[in-house]
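*Asks:* The structure follows.
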Amino acid sequence: MNVAAKAEKESAKQSLDALRHSCAHVMAQAVQELFPGTKITIGPAIDSGFYYDFESPHRFTEEDFPAIEKRMRQIAEGNHPFIGKEVTPEESRRYWGSRGEPYKIEILDGLKGQTITHYTHGTFTDLCRGGHCENTRAIRHFKLLSVAGAYWRGDEKNPMLQRIYGTAWPTKQELDVYLKMLDEAKARDHRKLGTALDLFSIQELAGPGLIFWHPKGARMRLIMEDWLKAEALRRGYELVSTPHIANVELWNTSGHRSFYKENMFSEIEVEKADYQLKPMNCPFHILIYKNRLRSYRDLPMRLAELGTVYRYERSGVLHGLMRVRGFTQDDAHIFCAPEQIEGEVDGCVDFALEVFKTFGFDKYVMEVSTWDEATPADYSGEAADWQRAQAALESVLSKRGIDYTLIKGEAAFYGPKIDVKLIDAIGRPWQLSTVQFDFNLPQKFGLEYVAADGSRQRPLMVHRALYGSIERFFGILIEHYAGNFPLWLSPVQVKILSLTDAQVPAAQALAGRLARAGLRAALDVRPEKINAKIRDAQLEKIPYMVILGPRDVAANVLSIRLRDGRQFQGVAEESLVNTLAREQDIKQTAPSWEDA
RNA sequence: GCCGGGGUAGCUCAACGGUAGAGCAAUCGCUUCGUAAGCGAUAGGUUGUGGGUUCGAAUCCCAUCCCCGGCUCCA
47 MNVAAKAEKE
57 SAKQSLDALR
67 HSCAHVMAQA
77 VQELFPGTKI
87 TIGPAIDSGF
97 YYDFESPHRF
107 TEEDFPAIEK
117 RMRQIAEGNH
127 PFIGKEVTPE
137 ESRRYWGSRG
147 EPYKIEILDG
157 LKGQTITHYT
167 HGTFTDLCRG
177 GHCENTRAIR
187 HFKLLSVAGA
197 YWRGDEKNPM
207 LQRIYGTAWP
217 TKQELDVYLK
227 MLDEAKARDH
237 RKLGTALDLF
247 SIQELAGPGL
257 IFWHPKGARM
267 RLIMEDWLKA
277 EALRRGYELV
287 STPHIANVEL
297 WNTSGHRSFY
307 KENMFSEIEV
317 EKADYQLKPM
327 NCPFHILIYK
337 NRLRSYRDLP
347 MRLAELGTVY
357 RYERSGVLHG
367 LMRVRGFTQD
377 DAHIFCAPEQ
387 IEGEVDGCVD
397 FALEVFKTFG
407 FDKYVMEVST
417 WDEATPADYS
427 GEAADWQRAQ
437 AALESVLSKR
447 GIDYTLIKGE
457 AAFYGPKIDV
467 KLIDAIGRPW
477 QLSTVQFDFN
487 LPQKFGLEYV
497 AADGSRQRPL
507 MVHRALYGSI
517 ERFFGILIEH
527 YAGNFPLWLS
537 PVQVKILSLT
547 DAQVPAAQAL
557 AGRLARAGLR
567 AALDVRPEKI
577 NAKIRDAQLE
587 KIPYMVILGP
597 RDVAANVLSI
607 RLRDGRQFQG
617 VAEESLVNTL
627 AREQDIKQTA
637 PSWEDA
């Protein structure tokens, strides 16, 4: 993206934020008028709209929205300009004191030495640093969406406030598009589709956050795993396999018992020793590295594993496949010499891009998180290593011409990283792949290799996950494709529907031949009408249907129906098999059949 | 974990102090049909769990588990 385009995008975002922030003020006014005793706190613009947090004796529900929206509309139509005014801290304090707004006074207390401004529209004034549209008149296309609890200043030690979320757009069309996207997202919800398509479940009796993969989901998982393993081997990784629990001494050594304790399951005592379920695979791969003396000739050593980890997540944060307590990471750790890091990072990025392309994602954003020199807090490792690693991360992306955002101070304490967010079919970002340096664990475990000159050196370590977690990636795939998976991932690729009982033997024979050709075929020979069988197959989102009636059998041809409704008659069996085998082989995301 | 909203048949939902119901799915018949639901019958529930109030509880109260929307965190 060039500089001018970036600037234009930035300015468009600013005016959108101004509209939304202004809408939040108007909502706050409406709410205070309609629900006396409500205290205001903060109300910013966010990615897709705005919110305002209130403390109120009234419990807000969605049933209150029509009344609030109606009042908002009246206020907006009142044609009030937003007027900013600089005030002294004393003035401001007096104003908020007189209005009985303790949260505003608390904010004021945090603004020592800064310029204080009040923004007023009509009869409503807010303590606010600004960023408003000119006039309430601009606020026309908005909708309140939900109400939720939120801690004052995001701290769970503070009181719980009530947050009302809304969205606002410059035009009706944009608002409608956004609302439609929300509906679309709801329809694609992987929890809903997971049940409808019988892919997975979460069982109350077994516990929250633990995933049961049903036959169809497990089939897809197998395909994802097989592809990834083959690709890893092709790229010079070694596949390893490690235990699910380990003695607490391992976690003491790695440091996880101190900095990751809240997320680990409790100890399991066995013969007077304590064990813990693994929340991460890193220490295990490190032990494999450390198991014998390594030479510089052994490097880079790339150890990969589909490693299942267990993390204690607080009950309120669990979410379908996206946030669970037991999941499998496609984890790898690369141990290398300093001069190899750029090549290794490039290999990881290349692999990640291959994953996106293969699974049908063409949009993504990358972020490089580095340390912040200004606040050299508790970073682990040598400054020279950090600088070299950060340079490698940026250099790899630049050389590939990949646009990225540099986020200073966002690095973990143990090293800088690249994070990749995928953009799905309806424009939502999902945090996926990550490539992270780790300067902490090699030190904690005293990792070494013998250099060419015979000296002992510390290897550099890179963590890397591409799917992130198989569960989560699966959830993203479900939502990205809305359950309409490409042929190569579809648990059932072809379903053969018999028109009458007379075609059952032919249907069975065809199913056998398709299976032998490496295709996943299913049969529907129930004594149902063809319309009913088609409907069921459509609801199962099966990519190809073969409808077998007396005419087809007589002519020795097939009638094909695609998931998108298109039909092709008189297709030779060989042609179907070859076309599908190829579509599967090259992992095509679109169906092969062209309208004749 | 916290705030709010919910758990009724495999699924989607109704009944909201007075004997628990529908559609789909399932099972059994009949129907043999040409591109999104053929007809009929049967079966299916100590209403998440435990306690309480009441002559009577799916419905009211308490506790607890799970789910949903958020907060916080994150793969």
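Just so you know, we're using the numbering used here here: the first sequence kicks off at 47 and counts up by one. Every residue, glycine too, gets a C-beta built ideally from N, C-alpha and C.
Got a sec? Which residues, its chain only, sit under 6 Å from S638 by beta carbon, not counting five neighbours each side?
*Replies:* The residues are T625, E629.
*Asks:* Along the chain, where does the alpha helix (DSSP H) that runs through V391 open and close?
*Replies:* First-last of the alpha helix (DSSP H) with V391: 387-404.
*Asks:* On the premise that Y513 lies in contact with P505, defined as a C-beta separation below 8 Å, what is that separation, rounded to the nearest angstrom?
*Replies:* Not a contact, Cβ separation roughly 25 Å.
*Asks:* Once the 5 residues before and after T374 are set aside, which same chain residues still bring their CB inside 8 Å of it?
*Replies:* These residues qualify, in order along the chain: L352, G353, T354, V355, S515, I516, E517.
*Asks:* Would M206 be called buried (16 or more neighbouring beta carbons within 10 Å of its own) or exposed?
*Replies:* The residue in question, M206, is exposed, as its Cβ has fewer than 16 Cβ neighbours within 10 Å.
*Asks:* Can you pull the DSSP bridge partners for T451?
*Replies:* Answer is E413, bridged to T451.
*Asks:* From T635, P103, K55, pick the residue whose C-alpha is nearest to that of A471; which is it?
*Replies:* Residue T635 is the option with its Cα nearest to A471.
*Asks:* How big is the Cα-Cα spacing for L62 and K116?
*Replies:* Distance between the alpha carbons of L62 and K116: 22 Å.
*Asks:* Can you pull the DSSP bridge partners for F373?
*Replies:* Note: F373 sits in a beta bridge opposite V355.
*Asks:* Among Q75, K463, Y211, whose alpha-carbon lies nearest the alpha-carbon of G95?
*Replies:* Answer by Cα proximity: Y211.
*Asks:* If we ignore side chains and look at the alpha-carbon of each, how far apart do R348 and W476 end up?
*Replies:* The straight-line gap from Cα to Cα measures roughly 26 Å.
*Asks:* For F258, I'd like the list of residues in its chain whose CB is within less than 8 Å of its CB, leaving aside the five on either flank, ordered along the chain.
*Replies:* Counting only Cβ-Cβ distances below 8 Å, and skipping sequence neighbours, we find F246, S247, I248, Q249, A252.
*Asks:* On the three-state DSSP scale, how would you describe H526?
*Replies:* Reduced to three states, the DSSP call for H526 is helix.
*Asks:* Which class does L245 belong to by DSSP, given the choice of helix, strand or coil?
*Replies:* Correct three-state label for L245: coil.
*Asks:* Do you know how far the Cα of R139 is from the Cα of L154?
*Replies:* C-alpha separation (whole angstroms): 7 Å.
*Asks:* Restricting to Cα atoms, I'd like to know which of L228, W534, Q584, Y342 is closest to L565.
*Replies:* Here the closest residue by C-alpha is W534.
*Asks:* Return the chain-ordered list of same chain residues with a C-beta closer than 7 Å to the C-beta of R186, the five sequence neighbours on each side being excluded.
*Replies:* Contacts found: A122.
*Asks:* State whether the segment 266-273 contacts the segment 124-142, with contact taken as three or more CB pairs (one from each stretch) at a distance under 8 Å.
*Replies:* No: fewer than three Cβ pairs fall under 8 Å.
*Asks:* By how many angstroms is the C-alpha of F405 removed from the C-alpha of H331?
*Replies:* One C-alpha to the other measures close to 28 Å.
*Asks:* Using only CA atoms, which one of G393, L333, E308, N327 lies nearest to Y358?
*Replies:* For Y358, the nearest C-alpha among the options comes from E308.
*Asks:* Ignore the nearest five residues each way along the sequence and tell me which others in I291's own chain have a CB closer than 6 Å to its CB.
*Replies:* Y321, L323, listed in sequence order.
*Asks:* List the endpoints of the continuous alpha helix (DSSP H) containing Y460.
*Replies:* Taken as a continuous stretch (DSSP letters only), Y460 belongs to no alpha helix (DSSP H), as it is neither H nor E.
*Asks:* For H67 and H126, which I take to be in contact (beta-carbon distance under 8 Å), what is that distance rounded to the nearest angstrom?
*Replies:* Between H126 and H67 the Cβ distance is about 15 Å, and since that is not below 8 Å, they are no contact.
*Asks:* Identify, in the order they occur along the chain, each residue of the same chain with its Cβ nearer than 7 Å to the Cβ of A553, setting aside the five sequence neighbours on each side.
*Replies:* Answer for A553: I542, S544, L569, V571, L594, listed in chain order.
*Asks:* Taking its Cβ as the centre, do 16 or more other Cβ atoms sit within 10 Å of A350, making it buried, or is it exposed?
*Replies:* A350 comes out buried.
*Asks:* How many Å lie between N337 and A194 at the Cα?
*Replies:* If you take the alpha carbons of N337 and A194, they lie about 51 Å apart.
*Asks:* Could you tell me the boundaries of the beta strand (DSSP E) in which S605 lies?
*Replies:* S605 -> beta strand (DSSP E) spans 604-608.
*Asks:* Return the residue from the list D272, P261, P329, S312 that minimises the CA-CA distance to T288.
*Replies:* T288 has its Cα closest to that of P329, out of D272, P261, P329, S312.
*Asks:* Please state whether the Cβ-Cβ distance between I114 and M73 is less than 8 Å.
*Replies:* In contact: I114 and M73 (Cβ atoms closer than 8 Å).
*Asks:* In the DSSP assignment, the beta strand (DSSP E) including E152 goes from what residue to what residue?
*Replies:* Not the beta strand (DSSP E): E152 falls in the alpha helix (DSSP H), residues 148-155.
*Asks:* Are G616 and V603 close, meaning C-beta to C-beta below 8 Å?
*Replies:* Yes, these two residues count as a Cβ contact at 8 Å.
*Asks:* Check A498 in the structure and name its three-state DSSP category.
*Replies:* Coil, per DSSP.
*Asks:* Pick out the complete beta strand (DSSP E) segments inside the segment 265-301, 3 residues or longer, and give them in chain order.
*Replies:* The qualifying runs are 291-293.
*Asks:* Taking all protein chains shown into account, do 16 or more other C-beta atoms lie within 10 angstroms of the C-beta of E295, making it buried, or fewer, making it exposed?
*Replies:* Result: exposed.
*Asks:* So does the segment 569-588 actually touch the segment 225-237, counting three or more Cβ pairs closer than 8 Å?
*Replies:* Contact fails: fewer than three Cβ-Cβ distances are below 8 Å.
*Asks:* Pairing CB atoms from the segment 430-448 with CB atoms from the segment 387-406, are three or more of them under 8 Å?
*Replies:* Yes, the segment 430-448 is in contact with the segment 387-406.
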